[in-house]
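For the record, the sequence lines run as chains A and B. Once you know that position 19 of the first sequence is 18 in numbering that gives the first Met the number 0, the rest is easy, because the numbers rise by one and skip nothing. Once you know that position 155 of the second sequence is 154 in numbering that gives the first Met the number 0, the rest is easy, because the numbers rise by one and skip nothing. Beta carbons are placed, not taken as given, at the ideal position from N, Cα and C, and that holds for glycine. Quick caveat: nothing in here was measured; it's all calculated off a predicted structure. These notes concern the structure reproduced below.
Protein chains: 2
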Amino acid sequence: MIASDPLPSWRPGEIKSTILNFVQQIITPGSPDYQLPAERIAVFDNDGTLWCEQPIQIQIFFLLDQIKKLPVENPVLAAQQPFKALLENDRAVINTFTKKEFITLFLGTHTGMSPESFMGNATDWLDTSKHPRFQQLFKTCLFQPMRELLDFLKANEFKNYIVTGGGMDFVRAIAEEIYDIPAEQVIGSTSKVKYQLVDDLPVLTKLPELNSFNDREVKVENIGLHIGRRPLLAFGNSDGDLAMLHYTSAGEGKRLALLLHHDDAEREYAYDRDFKLSPCIEALEVVPQLPGGVIVSMKQDWQKVFPFEG
Amino acid sequence: MIASDPLPSWRPGEIKSTILNFVQQIITPGSPDYQLPAERIAVFDNDGTLWCEQPIQIQIFFLLDQIKKLPVENPVLAAQQPFKALLENDRAVINTFTKKEFITLFLGTHTGMSPESFMGNATDWLDTSKHPRFQQLFKTCLFQPMRELLDFLKANEFKNYIVTGGGMDFVRAIAEEIYDIPAEQVIGSTSKVKYQLVDDLPVLTKLPELNSFNDREVKVENIGLHIGRRPLLAFGNSDGDLAMLHYTSAGEGKRLALLLHHDDAEREYAYDRDFKLSPCIEALEVVPQLPGGVIVSMKQDWQKVFPFEG
Chain A
0 MIASDPLPSW
10 RPGEIKSTIL
20 NFVQQIITPG
30 SPDYQLPAER
40 IAVFDNDGTL
50 WCEQPIQIQI
60 FFLLDQIKKL
70 PVENPVLAAQ
80 QPFKALLEND
90 RAVINTFTKK
100 EFITLFLGTH
110 TGMSPESFMG
120 NATDWLDTSK
130 HPRFQQLFKT
140 CLFQPMRELL
150 DFLKANEFKN
160 YIVTGGGMDF
170 VRAIAEEIYD
180 IPAEQVIGST
190 SKVKYQLVDD
200 LPVLTKLPEL
210 NSFNDREVKV
220 ENIGLHIGRR
230 PLLAFGNSDG
240 DLAMLHYTSA
250 GEGKRLALLL
260 HHDDAEREYA
270 YDRDFKLSPC
280 IEALEVVPQL
290 PGGVIVSMKQ
300 DWQKVFPFEG
Chain B
0 MIASDPLPSW
10 RPGEIKSTIL
20 NFVQQIITPG
30 SPDYQLPAER
40 IAVFDNDGTL
50 WCEQPIQIQI
60 FFLLDQIKKL
70 PVENPVLAAQ
80 QPFKALLEND
90 RAVINTFTKK
100 EFITLFLGTH
110 TGMSPESFMG
120 NATDWLDTSK
130 HPRFQQLFKT
140 CLFQPMRELL
150 DFLKANEFKN
160 YIVTGGGMDF
170 VRAIAEEIYD
180 IPAEQVIGST
190 SKVKYQLVDD
200 LPVLTKLPEL
210 NSFNDREVKV
220 ENIGLHIGRR
230 PLLAFGNSDG
240 DLAMLHYTSA
250 GEGKRLALLL
260 HHDDAEREYA
270 YDRDFKLSPC
280 IEALEVVPQL
290 PGGVIVSMKQ
300 DWQKVFPFEG
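Printed below as a string of structure tokens:
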């Protein structure tokens with residue numbers, strides 16, 4: 000039996016029981032749903048699932064801060080679109096951007112350096128930058144119930160992966176510190192990298208060219224590439240996660256496909272279909288019909304949202 | 000201190016001491032070369048490093064067996080080159096193939112199925128197919144000293160990865176059973192895969208198009224993609240591994256870059272520059288000059304080669 004309460008920030012009820020029972024059945028030898036530790040793969044979206052993605056994704060805040068250096072570093076580029084609009088905080092232009100365009104811009108403007116150098120920059124920024132509404136460091140704007148779930152799964156020999164539409168190196172820079180997930184268990188959008196010798200020493204260099212935009216069905220294709228096993232549990236919050244939830248749910252035996260619904264304007268934000276950068280429309284309809292499909296209500300199912308709440 | 004002898008199949012001497020001392024320094028808190036468990040990444044080539052690759056790589060034997068079914072399954076294709084030459088065992092033609100051409104052919108002829116189905120086929124074949132000289136199952140033709148090294152590293156909280164020029168799914172089919180390395184720690188050559196719905200259920204399907212030929216500098220680029228950390232230890236046996244060995248060696252602090260030299264015709268094979276599919280020429284010259292670079296002689300440094308030896 001699972002001792003004490005591994006999920007204190009989850010309110011007692013059907014959803015919490017479903018999660019606890021699922022893990023109990025997977026880990027109990029002799030249970031019809033028992034799985035060996037090697038099979039215990041769990042995949043998590045990041046933006047809006049593990050941490051806050053409002054009013055815009057945290058890495059877009061990072062991008063905007065980086066672009067502020069442009070007028071000094073590269074005045075010619077700074078005068079061109081889309082940089083001009085971003086520098087002038089021109090919402091009319093910014094609001095026309097899709098998530099893929101932001102990611103492409105993001106990957107395109109952090110190039111010519113090694114992944115390690117980029118990760119150093121990202122870590123420095125995350126060490127000091129705060130969320131405009133909560134006035135807390137971005138890196139503390141993660142969801143406490145999700146961190147408890149990650150820890151609970153890890154303690155039961157699950158291997159937790161992040162499968163994010165965000166930039167892989169950006170998330171790798173922080174995943175170990177805030178989620179206890181090592182870099183190699185972060186799958187995300189990537190630019191191409193090139194092996195080259197600099198001063199006779201081999202390094203990898205990030206190129207401006209997009210390699211993989213890790214969204215929708217590409218998330219599943221990259222799960223195949225990086226993991227090679229169908230997950231037992233998947234957790235997302237948008238239509239970009241639906242393929243991954245569907246793929247997980249369709250495996251043999253017991254699976255769990257969880258969708259977080261942001262319905263708590265008071266403690267976090269309430270949004271779904273209208274969030275242009277990452278809408279949740281189809282997923283809210285489809286997930287309840289999937290085997291093991293579960294909608295999680297932030298408002299109802301979470302006792303506590305952020306770790307910094309009293 | 001490391002108790003008893005974790006590497007009984009390695010002969011006492013300089014090479015064995017170098018490996019034991021390296022691990023001791025990495026794992027000892029307070030040592031100047033101490034590394035946290037999260038940093039302890041070790042990467043291994045597969046063909047010719049972990050298991051025998053002579054007279055041709057094991058997956059080429061698999062390919063040749065699969066192609067024998069062609070005259071029944073696809074007579075038109077069977078009459079075309081290169082299949083005709085392979086079916087007729089026409090060495091004059093076969094010997095003109097490069098490794099990349101074989102891998103491309105290999106990936107191109109195992110398509111239209113899920114990675115899981117393919118891995119099932121590979122496992123079945125490996126369960127029954129024998130090496131022509133040793134008359135032992137191919138899957139037992141692994142190098143006993145290497146298996147001991149993998150176990151020793153794992154016991155000391157290293158994470159072992161295979162970084163192979165061979166097909167990723169072929170090696171994933173067997174890596175857990177014979178090396179205790181899970182699928183997600185196998186990086187290899189890949190075809191593209193596509194997410195699709197079959198009978199309304201989501202599956203991945205292997206496509207004939209090459210995605211990545213994991214050789215030379217691409218091995219390092221894929222280490223960046225899959226791991227995101229510079230390894231502490233790398234082990235290879237050919238020029239295809241040199242970039243990975245160089246990249247590993249060039250990291251800060253203590254590193255080990257090991258090259259296996261096949262110089263034992265009696266117990267295994269003696270070859271280096273003349274093995275067209277995977278020559279070892281430049282690596283034999285460069286590795287001894289790298290920091291932490293070590294040439295391992297099969298003949299001198301290994302007490303035992305295969306697990307099936309008396």
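Test: residue i CB closer than 8 Å to a CB of chain D
i     : result
A37/B : Of the chains in the structure shown, none is chain D; the protein chains are A and B.
Three-way DSSP call (helix, strand, coil) for residue i in this model
i      : result
I18/A  : helix
L196/A : strand
H261/A : strand
D271/B : coil
Y33/B  : coil
P70/B  : helix
I161/A : strand
A41/A  : strand
F234/A : strand
V295/B : strand
L283/A : helix
K129/B : strand
V185/B : strand
K191/B : strand
E52/A  : coil
T27/B  : coil
D46/A  : strand
K98/A  : helix
T204/B : strand
N210/A : strand
A256/B : strand
L141/B : strand
G166/A : strand
Reference residue i, options the options, closest by Cα
i      : options                           : result
I55/A  : T122/A, M243/A and C140/A         : C140/A
N221/B : Y194/A, E208/A and T95/A          : Y194/A
E183/A : N159/A, L69/A and G239/A          : N159/A
F310/B : E72/B, A269/B and K138/B          : One cannot answer for residue 310/B here, as it falls past the ends of chain B, which runs 0 to 309.
N45/A  : A78/A, W9/A, S128/A and F142/A    : F142/A
P7/A   : I226/A, L148/A, E265/A and D199/A : L148/A
I345/A : K298/A, M297/A and L276/A         : There is no way to answer for residue 345/A, as the model of chain A reaches only from 0 to 309.
D300/B : E265/B, A282/B, F274/B and L259/B : L259/B
Q24/B  : L255/B, V285/B and E265/B         : L255/B
H225/A : V285/B, E281/B and V162/B         : V162/B
F60/A  : L136/A, P28/A and T204/A          : L136/A
A37/B  : G47/B, F305/B and I26/B           : I26/B
I66/B  : V75/B, C51/B, F82/B and V286/B    : F82/B
Contact list for residue i against chain A, beta-carbon separation under 7 Å
i      : result
T103/B : Simply none; closest approach about 18 Å.
A249/B : L200 and P201
Close beta carbons around residue i, own chain, < 7 Å, minus the five adjacent residues each side
i      : result
Y246/A : V219 and R229
Y268/A : Q53 and H261
S190/B : L106, T110, K205, L206, P207, E208, L209 and N210
Same chain, Cβ closer than 6 Å to residue i, neighbours up to 5 away in sequence not counted
i      : result
L313/A : A question about residue 313/A goes unanswered here, because the residues of chain A that appear run from 0 up to 309.
A233/B : V42, M243, L244, T247 and A256
S296/A : H260 and D262
V22/A  : N155
P144/B : S8, W9 and W301
Proximal chain A residues relative to residue i, where beta-carbon distance stays under 9 Å
i      : result
Y194/B : R215, E216, V217, K218, V219, E220, G223, A242 and Y246
Closer than 8 Å at the beta carbon, the chain B residues around residue i
i      : result
P114/A : G223 and G227
Chain-ordered chain A contacts of residue i [CB-CB under 8 Å]
i      : result
R171/B : G227
Residues near residue i in its chain [Cβ-Cβ closer than 8 Å; skip 5 each side]
i      : result
P278/A : S237, D238, D271 and R272
P70/B  : A77 and L86
I280/B : D238, D271 and R272
Contact list for residue i against chain B, beta-carbon separation under 7 Å
i      : result
T189/A : L224
P312/A : A question about residue 312/A goes unanswered here, because the residues of chain A that appear run from 0 up to 309.
E175/A : A37
How about the region 283-299 of chain A and the region 245-260 of chain A: do they share at least three Cβ pairs that are nearer than 8 Å?
yes
Is the number of C-beta pairs between the region 85-105 of chain A and the region 149-157 of chain A that are closer than 8 Å three or more?
no
Counting pairs of beta carbons, one from the region 203-219 of chain B and one from the region 98-114 of chain B, are three or more of them closer than 8 Å?
yes
Taking 8 Å as the cut-off, does the region 174-183 of chain B touch the region 200-209 of chain B (at least 3 CB pairs, one atom from each stretch)?
no
For the region 116-126 of chain B against the region 164-173 of chain B, are there 3 or more C-beta pairs whose distance is under 8 Å?
yes
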